[in-house]
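J.: Dropping the structure in here first, questions after.
Protein chains: 2
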Amino acid sequence: MDAASEPEGLYARERPPGKSLEARLVRRVLSRLGDPPIAFVLAWTGERIVAEGSAPVAQLRFADRATLLGVLSDPRIRFGDAYSAGRIEIEGDLIQLLQVIYRMPPEGHGSFTHRLADWLRRPARNTLSGSRSNVHRHYDLGNEFYSLWLGETMAYTCAYFPTEQASLDEAQVAKMDHVCRKLRLQAGDSVVEAGCGWGTLALHMAGRYGVRVRAFNISRQQIQYARVRAREQGLEDRVEFIEDDYRNISGRYDVFASIGMLEHVGRENYAELGRVVRRSIGPDGRGLIHSIGRNYPAPLHPWIERRIFPGAYAPTLSEMMQIFEPAGLSVLDVENIRLHYALTVREWLARYEAAVAKVRSMFDEFFVRMWRLYLAGSIAGFEAGTLQLFQVLFAPRESNRIPLTREFIYPR
Amino acid sequence: MDAASEPEGLYARERPPGKSLEARLVRRVLSRLGDPPIAFVLAWTGERIVAEGSAPVAQLRFADRATLLGVLSDPRIRFGDAYSAGRIEIEGDLIQLLQVIYRMPPEGHGSFTHRLADWLRRPARNTLSGSRSNVHRHYDLGNEFYSLWLGETMAYTCAYFPTEQASLDEAQVAKMDHVCRKLRLQAGDSVVEAGCGWGTLALHMAGRYGVRVRAFNISRQQIQYARVRAREQGLEDRVEFIEDDYRNISGRYDVFASIGMLEHVGRENYAELGRVVRRSIGPDGRGLIHSIGRNYPAPLHPWIERRIFPGAYAPTLSEMMQIFEPAGLSVLDVENIRLHYALTVREWLARYEAAVAKVRSMFDEFFVRMWRLYLAGSIAGFEAGTLQLFQVLFAPRESNRIPLTREFIYPR
Chain A
1 MDAASEPEGL
11 YARERPPGKS
21 LEARLVRRVL
31 SRLGDPPIAF
41 VLAWTGERIV
51 AEGSAPVAQL
61 RFADRATLLG
71 VLSDPRIRFG
81 DAYSAGRIEI
91 EGDLIQLLQV
101 IYRMPPEGHG
111 SFTHRLADWL
121 RRPARNTLSG
131 SRSNVHRHYD
141 LGNEFYSLWL
151 GETMAYTCAY
161 FPTEQASLDE
171 AQVAKMDHVC
181 RKLRLQAGDS
191 VVEAGCGWGT
201 LALHMAGRYG
211 VRVRAFNISR
221 QQIQYARVRA
231 REQGLEDRVE
241 FIEDDYRNIS
251 GRYDVFASIG
261 MLEHVGRENY
271 AELGRVVRRS
281 IGPDGRGLIH
291 SIGRNYPAPL
301 HPWIERRIFP
311 GAYAPTLSEM
321 MQIFEPAGLS
331 VLDVENIRLH
341 YALTVREWLA
351 RYEAAVAKVR
361 SMFDEFFVRM
371 WRLYLAGSIA
381 GFEAGTLQLF
391 QVLFAPRESN
401 RIPLTREFIY
411 PR
Chain B
1 MDAASEPEGL
11 YARERPPGKS
21 LEARLVRRVL
31 SRLGDPPIAF
41 VLAWTGERIV
51 AEGSAPVAQL
61 RFADRATLLG
71 VLSDPRIRFG
81 DAYSAGRIEI
91 EGDLIQLLQV
101 IYRMPPEGHG
111 SFTHRLADWL
121 RRPARNTLSG
131 SRSNVHRHYD
141 LGNEFYSLWL
151 GETMAYTCAY
161 FPTEQASLDE
171 AQVAKMDHVC
181 RKLRLQAGDS
191 VVEAGCGWGT
201 LALHMAGRYG
211 VRVRAFNISR
221 QQIQYARVRA
231 REQGLEDRVE
241 FIEDDYRNIS
251 GRYDVFASIG
261 MLEHVGRENY
271 AELGRVVRRS
281 IGPDGRGLIH
291 SIGRNYPAPL
301 HPWIERRIFP
311 GAYAPTLSEM
321 MQIFEPAGLS
331 VLDVENIRLH
341 YALTVREWLA
351 RYEAAVAKVR
361 SMFDEFFVRM
371 WRLYLAGSIA
381 GFEAGTLQLF
391 QVLFAPRESN
401 RIPLTREFIY
411 PR
């Protein structure tokens, strides 16, 4: 039966539930998607559509026909916008719903139209000025906003939970110590950090490990905040915060560290990043890059990339090797800690919801819902395994100043 | 000055040392190579050539002009053959000499002639029959031969030294336990092993961890030896040794393990290996692949590939990802333990030298020297960092039956 051959229009409302054109379209789409456990409610007909035999994890209430048709025609962009605009309400567990969606088979992935659509959605390239613009849009939303939900450390990257019971702040400190142990920091070492956020790791390294740090970031608001913290902690003689691009790093250091910057570097710049790393650490240093990643090459979710992270990309390990292989760097250790990022963002989302009235007063309801969806989607992605978190430890390929085992990372 | 314009021939012998055509040619080559600390001795002129300002780590004594010219024209193949044939004698430390050579900049790497030469040297492809032929040439040299120098475990793969003081046998057992811990083996688990050597790991897993193992290998001599060991250890009901190709693995298992087989798989078969792994462990299993690797794509040393390991290739991490990415497998952990392989082969070489009279009686002097060079070259490669050893732990991408941290690998 062809839906297009059915009469449409005013009569639809008077039909029995589940019989309108839209309802039959939804049913057909759900069937093509393998009957996921999601209920659709069409507010304008009162119909509720559920795939046969499935107990829905959540219910999507569409406010009007235009929203429904928009979402069905371009779900990857329109769903997020419609949710943010309040044209879709989610009844049930948002994170579980998103997990169901992320676990669906990637339909048409790699097709010509899919690739064309990705190309059309391309953001500002990560040139020096493009990066500045892309980073500004996200990280300069205001330090106050981020301080509402990042916890005391103001670390906006995946934490490390020694146990699932650790608090967010404990896990952020544990992450920094995990990174510092992997890097075998010694008092007196010099460290260069690329993409330092609000300065949390740089200050932790200097304060706890007695090293000197030069930390680069192109977000003005973050750098200003970091400098205030350095003064407050009496570390301004040991930590220098530099408002500049990682490509302008100069000098020689014992250690290169970059936590959560690679997502904004752009694949076209991986070889240059490798050269920067290599010249920074010379023949005897070591380094660590920590980044969201993928199991197979795929663009970031286009809605996230458009509304939240312009210019961002989560690489596969194979793509990350384009940093290391041409630059003469040897990978010593890769750890995938994706479940930690799910735990981290669950903590962020809880704090975000607790402060939602404040967020609403700073922005608007669209923003509130947009960021809720982004955070919930991140949890779902890391739990469903569509997103990874890789920590890659490396050294110059000719260096034998490398540890025999990894026991030192796990002291008792 | 053009060497070709000088008169050559009978007069050369009567010149002062260092003045013959060959000596000047050697000097020129050493200079182009950056004056490495290697001395050349030309037996037929009595000349000794050393780069200025360098204290040689070793001295190469060439028996005749033809050998010298052959090595200078095609060093990567001819050096090994000439050494094996006794036309070159090494005075000094063979391993240090090879390290100096391996640390030289890769001259002309990637040039057209280089790539052409690599292509001309291609071995039998790793089809089902090609693999059998390639594996037969190396692993069926005789169990007696390998038992002279592999130690009691008969493990012919990189060991794991908890400390540098561990013995070879201790380190081989530690390697197996390291792998079993990474794989979180539980009593009752089923394991499939691809490329099981003489059965050491399969028997260790069954005997110490109470799992059932099906172990595949296409080397007949190894499989026969492994079956005898299984009977001797009373494990024949728990370990099945199957003389067949990994591509013919069928059935479903909790764990996939492959230690030191990937080197023989061939890049053209990585995607198929991934499919075999994926169908073997289903949505809930886990696996580990352990392989010699590289920091950047390069063929195996052509002499090693021709004389020792036909059809072998050591992949980069990026190339290894061609196994995992298309197959829906997620990399959890990569450990590079190249220094352990240098320690391992040092132990093998010492045992080999202690048994060299026996080796000579089984084969001949050419074989003795060929294998000495191969073992010494392996030590040099792992110490110089031109060879890596990667252990890659993975799980199906949708599996959340993955550990939160790696603490369990390092019990106290």
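Chains as they are written, first to last, in the working numbering: chain A, 1 to 412; chain B, 1 to 412. Where is the CB? At the ideal position from N, CA and C, for every residue including glycine. Source: prediction; values computed, not measured.
1) By a C-beta neighbour count over all protein chains shown, 10 Å radius and 16 as the cutoff for buried, is Asp237/A buried or exposed?
2) Rounded to a whole number of angstroms, what is the C-alpha to C-alpha distance between Arg412/B and Arg412/A?
3) Just to make sure I have the definition right: I need the residues of chain A whose C-beta is within less than 7 Å of the C-beta of Leu317/B. Which are they?
4) Closest Cβ-Cβ distance between Pro297/A and chain B: below 9 Å?
5) Three or more C-beta pairs under 8 Å: does that hold for the segment 388-404 of chain A against the segment 333-340 of chain A?
6) What's the gap between the Cα of Gly207/B and the Cα of Phe324/B?
7) Which of the three DSSP states is assigned to Gln186/B in this structure?
8) In whole angstroms, what is the alpha-carbon distance linking Pro7/B and Thr405/A?
9) For Ser167/B, does the count of other Cβ atoms within 10 angstroms reach 16, so buried, or fall short, so exposed?
10) Give the DSSP bridge partners of Val50/B, in chain order.
11) Using a Cβ-Cβ cut-off of 9 Å, state whether Thr163/B counts as contacting chain A.
12) Here's the rule: buried if 16 or more other CB atoms are within 10 angstroms of the residue's CB, otherwise exposed. What is Leu120/A?
13) Against Gly385/A, what residues of chain B qualify as contacts under a CB-to-CB distance less than 8 Å, listed in chain order?
14) Quickly, what does DSSP pair Gln59/A with across the bridge? List them, please.
15) Could you give the C-beta distance for Val419/A and Arg294/A, rounded to a whole number, given that I count them as a contact under 8 Å?
16) What number of angstroms, rounded off, separates the C-alpha of Pro123/A from the C-alpha of Pro310/A?
17) Could you tell me whether any Cβ in chain D is nearer than 9 Å to the Cβ of His290/A?
18) Taking 7 Å as the limit between beta carbons, can you name the residues of its chain near Ala376/B, skipping five residues before and five after?
19) Give the range of the alpha helix (DSSP H) segment to which Glu335/B is assigned.
20) Cβ of Gly195/A within 9 Å of Cβ of Gly151/A?
21) Is the Cβ-Cβ distance between Leu60/A and Glu22/A less than 9 Å?
22) Reducing DSSP to helix, strand and coil, say where Asn295/B ends up.
23) Using 10 angstroms around the beta-carbon of Lys19/A, count the other beta-carbons present and answer buried if the total reaches 16, otherwise exposed.
24) I need the straight-line Cα distance from Phe161/B to Ala155/B, nearest angstrom please.
25) Please classify Thr163/A: is it buried, with 16 or more other beta-carbons within 10 angstroms of its beta-carbon, or exposed?
26) Quick one: which chain B residues come within Cβ less than 7 Å of Arg413/A?
27) Along chain A, in chain order, which residues have C-beta atoms closer than 7 Å to that of Val239/B?
28) Any chance you could list the beta strand (DSSP E) runs of at least 3 consecutive residues sitting entirely within the segment 228-310 of chain B, in chain order?
29) Within 9 Å (strictly less), CB to CB, does Asn269/A reach chain B?
30) Count the CB pairs spanning the segment 196-205 of chain A and the segment 169-181 of chain A that are closer than 8 Å, and state whether there are at least three.
31) Within the 9 Å Cβ cut-off, does Thr405/A reach chain B?
32) Glu263/B and Ala314/B look like a contact to me (Cβ under 8 Å); what is the Cβ gap, rounded to whole Å?
33) What number of angstroms, rounded off, separates the C-alpha of Glu305/B from the C-alpha of Ser84/B?
34) For Glu193/A, does the three-state DSSP call read helix, strand or coil?
35) Excluding the 5 residues flanking Ala63/A on each side, which residues of the same chain have their C-beta closer than 6 Å to its C-beta?
36) By the DSSP assignment, the alpha helix (DSSP H) with Arg372/A in it spans what residues?
T.: Working from what's here:
1) Taking the first residue of the first sequence as 1, we reach residue 237/A at position 237. When all chains shown are included, Asp237/A counts as exposed.
2) To locate residue 412/B, count along the second sequence from 1; it is residue 412. To locate residue 412/A, count along the first sequence from 1; it is residue 412. Rounded to whole angstroms, Arg412/B to Arg412/A spans 8 Å at the Cα level.
3) Residue numbering aside, residue 317/B sits at position 317 when the second sequence is read from its first letter. Those are Leu317, Met321 and Val331, listed as they occur along chain A.
4) Taking the first residue of the first sequence as position 1, residue 297/A is located at position 297. For Pro297/A, the answer is yes, since a Cβ of chain B falls inside 9 Å of its Cβ.
5) yes
6) Sequence index remark: in the second sequence, residue 207/B carries index 207 (1-based). Sequence index remark: in the second sequence, residue 324/B carries index 324 (1-based). In a straight line, the C-alpha of Gly207/B is about 30 Å away from that of Phe324/B.
7) The residue you call residue 186/B lines up with position 186 of the second sequence. If DSSP states are grouped into helix, strand and coil, Gln186/B belongs with coil.
8) Within the second sequence, residue 7/B is the residue found at index 7, counting from 1. Within the first sequence, residue 405/A is the residue found at index 405, counting from 1. Since pLDDT at Pro7/B reaches only 40, below the 50 mark, its modelled position is unreliable, and no value is offered.
9) Numbered from its first residue, the second sequence carries residue 167/B at position 167. Flag for Ser167/B reads exposed.
10) On the second sequence, residue 50/B is found 50 positions in, with the first residue counted as 1. In DSSP, Val50/B forms a bridge with Ala39/B.
11) Residue 163/B sits at position 163 when you count from the first residue of the second sequence. True, the Cβ-Cβ gap to chain A drops below 9 Å.
12) Numbered from its first residue, the first sequence carries residue 120/A at position 120. Confidence is the limiting factor: at Leu120/A the pLDDT is only 39, short of 50, which leaves the residue's position unreliable and the question unanswerable from this model.
13) For the purposes of this step, residue 385/A is taken as residue 385 along the first sequence, with counting starting at 1. Here the neighbours are Ser330, Arg397, Glu398, Ser399 and Asn400.
14) Taking the first sequence and counting its residues from 1, one reaches residue 59/A at position 59. The partner list for Gln59/A (beta bridge, DSSP) reads Ala39/A and Glu91/A.
15) In the structure as shown, chain A starts at 1 and stops at 412, and residue 419/A therefore has no counterpart that could be examined.
16) Position 123 of the first sequence, counting from 1, holds the residue named residue 123/A. Position 310 of the first sequence, counting from 1, holds the residue named residue 310/A. Only weak support is given to the placement of Pro123/A: the predicted model assigns it a pLDDT of 48, under 50, and the question is left unresolved by the model.
17) Going by chain labels, chain D is absent from the structure shown, which instead holds the protein chains A and B.
18) Position 376 of the second sequence, counted from the start, is the residue given in the question as residue 376/B. For Ala376/B, where only same-chain residues beyond five positions count, the Cβ hits under 7 Å are Leu94, Ile95, Leu98 and Leu349.
19) Indexing the second sequence from 1 puts residue 335/B at position 335. Segment Leu329 to Asn336 is the beta strand (DSSP E) holding Glu335/B; no alpha helix (DSSP H) there.
20) Residue mapping note: residue 195/A aligns to position 195 of the first sequence, counting from 1. Residue mapping note: residue 151/A aligns to position 151 of the first sequence, counting from 1. Going by C-beta atoms, Gly195/A is not nearer than 9 Å to Gly151/A.
21) As a working note, residue 60/A is residue 60 in the first sequence. As a working note, residue 22/A is residue 22 in the first sequence. Against a cut-off of 9 Å, the Cβ pair of Glu22/A and Leu60/A comes out as no contact.
22) As a position in the second sequence, residue 295/B is number 295, starting the count at 1. Of the three classes helix, strand and coil, the one that applies to Asn295/B here is coil, per DSSP.
23) Working through the first sequence from its first residue, we reach residue 19/A at position 19. Under this definition Lys19/A is an exposed residue.
24) For this step, residue 161/B is matched to residue 161 along the second sequence. For this step, residue 155/B is matched to residue 155 along the second sequence. One C-alpha to the other measures close to 14 Å.
25) Taking the first sequence and counting its residues from 1, one reaches residue 163/A at position 163. Thr163/A is exposed by the Cβ-count criterion.
26) Past the boundaries of the shown model lies residue 413/A; chain A is included only from 1 to 412, so the question cannot be answered.
27) Counted from its first residue, the second sequence places residue 239/B at position 239. Neighbours of Val239/B on chain A: none; closest Cβ ~29 Å, over 7 Å.
28) 239-243, 255-259 and 286-293
29) Residue mapping note: residue 269/A aligns to position 269 of the first sequence, counting from 1. With 9 Å as the cut-off, Asn269/A does not count as an interface residue toward chain B.
30) yes
31) Numbered from its first residue, the first sequence carries residue 405/A at position 405. Yes, its Cβ sits closer than 9 Å to a Cβ of chain B.
32) On the second sequence, position 263 is the one that residue 263/B refers to. On the second sequence, position 314 is the one that residue 314/B refers to. Correct: roughly 6 Å between the Cβ atoms.
33) For the purposes of this step, residue 305/B is taken as the residue at position 305 of the second sequence. For the purposes of this step, residue 84/B is taken as the residue at position 84 of the second sequence. If you take the alpha carbons of Glu305/B and Ser84/B, they lie about 15 Å apart.
34) Here residue 193/A refers to the residue found at position 193 when the first sequence is read from its first residue. Glu193/A falls in the strand class under three-state DSSP.
35) Mapped onto the first sequence, residue 63/A falls at position 63. If we look at Ala63/A and ignore the five residues flanking it on each side, its Cβ neighbours are Ala43 and Arg87.
36) Taking the first sequence and counting its residues from 1, the one referred to as residue 372/A is at position 372. Run containing Arg372/A: Glu365 to Ala384, per the alpha helix (DSSP H) assignment.
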